[in-house]
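Read the structure below first, then the notes.
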Amino acid sequence: MKRIGKYVKAFSTPPVVAAFASSVGKTEGEGPLCQWFDVVNPDDGVGCGTWEHAEAQLVKQAVERAAEKGGVPVSSISIAFAGDLLNQCTASTFGLKDAGIPVAGLFGACSTFALALALSAASVDTGFAEKALAVSSSHFCSAEKQFRYPLEYGGQRTPTAQRTVTGAGAAIVDVSLKGVKITHGMIGRITDYGVCDMSNMGAAMAPAAARTIADFMDDTGMKPADFDMILTGDLGSVGSKLMRELILSERGYDLGGVHADCGNMIFDAKKQDVHAGGSGCGCSASVLCGPVFSDIAAGRLKKVLFAGTGALMSPLTALQGDPIPAVAHAVLLCS
Amino acid sequence: MVIFFIIQSLSVNTKVKGDFDFMDQKEYAKKVKETAPASALFRNCLKAFFVGGAVCLLGEGLFTLFARLGAAEKEASTWVCISLIALTAMLTGIGVFDKIAKHAGAGTMVPITGFANAVVSPAVEYQTEGRITGAAVKMFSIAGPVIVFGCSAASLYGFIFYFFLMR
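What follows is the structure, given as structure tokens:
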């Protein structure tokens, strides 16, 4: 592993995403990417008694399907890097506890999948893990219960609010020769731009995304035109606009035409009632472990910089009047 | 040398501390405001007005009904409240109320229907944590302030009335 610039690490022999799978809920299954998801649950309850168990079940579905697609038993995974939005990451814990494999719980809010991919790649590159698993999930109902209001509460959502994706994505990373190569990884710095509005997460996360993407390009010397896609996790329509403006005005990078956002891709904002787009760990996890990895593996996309974005607040910090700090972690994915 | 340092300190930029390369927070806040799509204020107010009016009209209709059935004025009012609360509880329980409220906004939140929904919705949500430790504990997590400040205000006015206004 080599350090490039201040923050980027280049992997000596790029670890590979050997297999991946995604599992989503009803609304995601009605969206524009429905054909790319491995498991589409017609009911967000996924046959479980609680939303929290349902989310754990999504994790289990994604992991088992990824292992099946990779032709390996789940028990062959050396370390699972897993996280979600729930308190104490219980969806990951309960989803993985029966797998009998080492589990490293992570928290990066909605950037968890990018964090998990970076750590999986670093572990495989250094030999800390022979076969790593990056998995992340979120569930609309469990997230609403924890962060916002009861589902049946008659409140209105602002146009800037996003819809937490009910979904999970799992990727097995190892030293295979064939598959999506993870060539570089970067752990982001926490960025706080004084945004206190809990219903405008895009605005809270945009500075972190702009900073990480700009730092990545500064360190590697790559330019926006070098990538087929610069993909952010869940800035949504509002955050995407802000990020593109920030990175242009402050760091001189024009991402026009090459930027895409998982939160904008997973739902059809015109036909589905999702306001500013999708959000949550499961947003980037399911979109990556669905159409994006498929496109890179097939060579339709050759070089994708994926920067997952996360808002690092809790219901308590919001009540105490604290702003919402955010973070963005990045990995470079090549075919 | 001293002059050099004075000049340097005077040219310190006004940006937020740290190695931020970005615009300062006030400028960013302004940009956020400009970028955020505005709510359809007029349309929302109109919907709130008509739905709120419809709820009150329903209340008046029920009042007339109960009065016709023989209830005295105060009794009929109480029955109207009970009816609206029961209707809201039912609609909340079957998952319809929030769909109406999404459009109605203040139209369903301001009348007693809002209070009823705010009590029933967490009771429904926290069933999974048990009837006592879940539903009963969380039932007033949203409506609690209404009870606290309503009772406090009533106590205060009662105190003033008793000691100063009653002859």
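Chains as they are written, first to last, in the working numbering: chain A, 416 to 750; chain B, 1269 to 1435. Built from N, CA and C at the ideal position, the CB exists for glycine as well.
Could you confirm whether any beta carbon from chain B is found closer than 8 Å to the beta carbon of residue i?
i: A/V610; result: yes
i: A/L530; result: no
i: A/T575; result: yes
i: A/G520; result: no
i: A/Q735; result: no
i: A/Q571; result: yes
i: A/Y568; result: yes
i: A/V653; result: yes
i: A/L657; result: yes
i: A/N615; result: yes
i: A/G648; result: no
i: A/K441; result: no
i: A/A618; result: yes
i: A/T505; result: no
i: A/P730; result: no
i: A/K560; result: yes
i: A/E470; result: no
i: A/G464; result: yes
i: A/G665; result: Gly is not the amino acid found at residue 665 of chain A; the sequence shown has Glu there. For A/E665, the answer is yes, since a Cβ of chain B falls inside 8 Å of its Cβ.
i: A/P706; result: no
Taking only three categories from DSSP, how would you classify residue i?
i: A/R572; result: coil
i: A/R666; result: helix
i: A/G498; result: strand
i: A/F509; result: helix
i: B/K1283; result: With a pLDDT of 44 at B/K1283, under the threshold of 50, the modelled position of that residue is not reliable, and the figure given next carries that caveat. If DSSP states are grouped into helix, strand and coil, B/K1283 belongs with coil.
i: A/M728; result: coil
i: A/L521; result: coil
i: A/I419; result: strand
i: B/T1356; result: helix
i: A/H554; result: coil
i: B/D1292; result: coil
i: B/K1298; result: helix
i: A/S709; result: helix
i: B/V1364; result: coil
i: A/L448; result: coil
i: B/A1304; result: coil
i: A/A675; result: strand
i: B/L1433; result: helix
i: A/T465; result: coil
Under a CB-based cut-off of 8 Å, is residue i close to chain A?
i: B/A1386; result: yes
i: B/M1377; result: yes
i: B/A1357; result: no
i: B/I1350; result: no
i: B/V1408; result: In the sequence as displayed, the identity of residue 1408 of chain B is Phe instead of Val. No - not a single Cβ of chain A is within 8 Å of the one on B/F1408.
i: B/V1369; result: In the sequence on display, residue 1369 of chain B carries Ala and not Val. Judged by the 8 Å Cβ criterion, B/A1369 is in contact with chain A.
i: B/G1363; result: yes
i: B/K1299; result: yes
i: B/G1382; result: yes
i: B/K1283; result: Low confidence applies here, because B/K1283 scores a pLDDT of 44, under 50, leaving its location unreliable and the question unanswered by this model.
i: B/P1413; result: no
i: B/M1291; result: yes
i: B/A1304; result: yes
i: B/T1396; result: yes
i: B/V1405; result: no
i: B/Y1430; result: no
i: B/S1423; result: no
i: B/G1402; result: no
i: B/T1346; result: no
From the DSSP secondary-structure annotation, give me the bridge partner or partners of residue i.
i: A/H744; result: A/G723
i: A/C749; result: A/K596 and A/K718
i: A/V436; result: The amino acid occupying residue 436 of chain A in the given sequence is Ala; Val does not appear at that position. DSSP, once it has assigned bridges, lists A/A585 as partnering A/A436.
i: A/R578; result: A/G693
i: A/L548; result: A/A495 and A/I587
i: A/K424; result: A/R418 and A/G600
Quick test of your reading: residue i and residue j, contact by CB under 8 Å. State the CB separation rounded to the nearest angstrom.
i: A/H554; j: A/E470; result: 4 Å
i: A/A433; j: A/I587; result: 5 Å
i: A/P404; j: A/V610; result: Only positions 416 to 750 of chain A appear in this structure, which leaves residue 404 of chain A out of reach.
i: B/P1390; j: B/M1377; result: Their Cβ separation, rounded to whole angstroms, is 15 Å, which puts B/P1390 and B/M1377 out of contact at 8 Å.
i: A/D589; j: A/K546; result: 4 Å
i: B/A1322; j: B/F1331; result: 15 Å between Cβ atoms; not a contact.
CB-CB under 7 Å to residue i, same chain, minus the five flanking residues each way: which ones, in chain order?
i: B/V1414; result: F1383
i: A/A621; result: L650, G654, L657, M658 and L661
i: B/K1301; result: none
i: A/V719; result: F642, D643, M644, L646, V707, I711 and L748
i: A/T732; result: none
i: A/L448; result: M680, I681, V702, G705 and P706
Which residues in the same chain as residue i place their Cβ atom closer than 6 Å to its Cβ, once the five residues preceding and following it in sequence are excluded?
i: A/H599; result: V423, A425 and L747
i: A/A640; result: none
Here's a check: name, in chain order, each residue in its chain whose Cβ is nearer than 8 Å to the Cβ of residue i, leaving out the five neighbours to either side.
i: A/L566; result: C556, E559 and K560
For chain C, check one thing: does any of its Cβ atoms lie closer than 8 Å to the Cβ of residue i?
i: A/G603; result: Looking for chain C here will not work: the only protein chains present are A and B.
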